[in-house]
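Read the structure below first, then the notes.
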Amino acid sequence: MAESVVLLDFWVSAFGLRVRIALAEKGVEYDYKEQDLSNKSSLLLQSNPIHKKIPVLIHNGRPICESLIIVQYIDEVWTDRSPLMPKDPYQRANARFWADYIDKKIYPSASGIFRNKGEAQEAATKEFIESLKVLEGELKEKPFFGGDTFGLVDIALIPFSGWFDMFKAYGYLNMEEECPTLMGWVKRCMEKDSVSKTLPDPHKLYEFVESMRKKFENQ
Ligand code: GS8
């Protein structure tokens, strides 16, 4: 029986992009189903009844939810190329720790920069930069968080690089000045086709963010 791989996603989602990058790394073909998050499909509601969120990977009819769990699932199923996790159990635990750190520290502060104004925005920016500097300390001189190879932590963080450009465009912060080591890492990741061909076009991303800002301002 032919394998069936379906991805429920939303084009601009940093979480969905993680899954698309992992599938591109592995060269897995899949059926991409764009979701309307303001009018959720019955397929999405049935596949992720708990959180009702994208991304969801449906592999041979069985749904897998939560982006970091999906990326690790992909690595465990398609083992023939591009390992995304280290072999050593301690290093694997470490990779999971830093991927979780990105969800707990980077994502909330980054969205706080977009959502707030004034002092709350300044506080979110400060927390965001401090959290990124911790990540720079973990990256050190390595080309990727996974060492010489691109892996789980790289995949967890790189979709947010589009947000870095937005912060600059809106004059919130200049990532080249604040986090030069991390920006060097972004450039190395962008040399990979799995990343550069998957991340959304910066102009489209900007248009999307602008439309969301206008929507929130009018509410
Ligand atoms: C987050 C997914 C998520 O927030 C993961 O997969 O890692 N922890 C999850 N998905 C959002 C779209 S991206 O901002 C979503 O589906 N939102 C719909 C909703 O909240 O109703």
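Residue numbers (our numbering): 363 to 581.
We put the CB at the ideal spot given by N, CA and C, even for glycine.
Alpha carbon to alpha carbon, what distance is there between ILE475 and GLU484?
Walking along the sequence shown from the start, residue 484 turns up at place 122. Walking along the sequence shown from the start, residue 475 turns up at place 113. If I take the Cα positions, the gap works out to 8 Å.
For ASP371, does the count of other Cβ atoms within 10 angstroms reach 16, so buried, or fall short, so exposed?
Translated into positions along the sequence shown, residue 371 becomes position 9. Buried, because 16 or more other Cβ atoms sit within 10 Å of the Cβ of ASP371.
Compute the distance between the beta-carbons of PRO562 and LEU379, then report whether it is under 9 Å.
Here residue 562 is taken as the residue at index 200 of the sequence shown, counted from 1. Here residue 379 is taken as the residue at index 17 of the sequence shown, counted from 1. Yes, the pair counts as a contact, with Cβ atoms nearer than the cut-off.
For the ligand GS8, list every residue whose C-beta falls under 5 Å from any of its heavy atoms, going in chain order.
SER375, PHE377, LEU399, LYS415, ILE416, GLU428, SER429
Bridge-paired residues (DSSP) for GLY509
As a working note, residue 509 is residue 147 in the sequence shown. GLY509 pairs with PHE506.
Would you check if there are 3 or more beta carbon pairs closer than 8 Å linking the stretch 535–554 to the stretch 573–581?
no
Count the CB pairs spanning the stretch 454–473 and the stretch 395–408 that are closer than 8 Å, and state whether there are at least three.
no
For ASP437, is the classification buried or exposed, using 16 other Cβ atoms within 10 angstroms of its Cβ as the cut-off for buried?
For this step, residue 437 is matched to residue 75 along the sequence shown. It is buried - the Cβ of ASP437 has at least 16 other Cβ atoms within 10 Å.
So which of GLY508, LEU514, PHE529, ALA364 has the shortest CA-CA distance to ILE491?
Numbered from 1 along the sequence shown, position 129 holds the residue referred to as residue 491. Of the candidates GLY508, LEU514, PHE529, ALA364, the one whose C-alpha sits nearest the C-alpha of ILE491 is PHE529.
Can you find the residues in the same chain that come closer than 6 Å, C-beta to C-beta, to ILE426, ignoring five residues on each side of it along the sequence?
Translated into the one-based positions of the sequence shown, residue 426 becomes position 64. Closer than 6 Å at the Cβ level, and outside the excluded window around ILE426, lie LEU419, ILE432, TYR435.
Compute the beta-carbon to beta-carbon distance between VAL367 and VAL390, rounded to the nearest angstrom, for a pair I have assumed lies under 8 Å.
The residue given as residue 367 occupies position 5 in the sequence shown. The residue given as residue 390 occupies position 28 in the sequence shown. Their Cβ separation, rounded to whole angstroms, is 6 Å, which keeps VAL367 and VAL390 in contact under 8 Å.
Nonlocal neighbours in the same chain, by C-beta distance under 6 Å from ARG382, ignoring five residues either side:
Counting from one through the sequence shown, the residue named residue 382 turns up at place 20. Answer for ARG382: THR560, listed in chain order.
Segments of 4+ residues assigned as alpha helix (DSSP H) that fall wholly inside the stretch 430–490
451–463, 469–477
With DSSP as the reference, label PRO411 as helix, strand or coil.
Looking up residue 411 in the sequence shown gives position 49. Looking at PRO411 - three-state DSSP - the assignment turns out to be coil, as it is neither helix nor strand.
Separation of GLU553 from GLY546, as counted between CA atoms:
Taking the sequence shown and counting its residues from 1, the one referred to as residue 546 is at position 184. Taking the sequence shown and counting its residues from 1, the one referred to as residue 553 is at position 191. Computed Cα separation, rounded: 11 Å.
PRO562 in three-state terms, based on DSSP
Taking the first residue of the sequence shown as 1, we reach residue 562 at position 200. Of the three classes helix, strand and coil, the one that applies to PRO562 here is coil, per DSSP.
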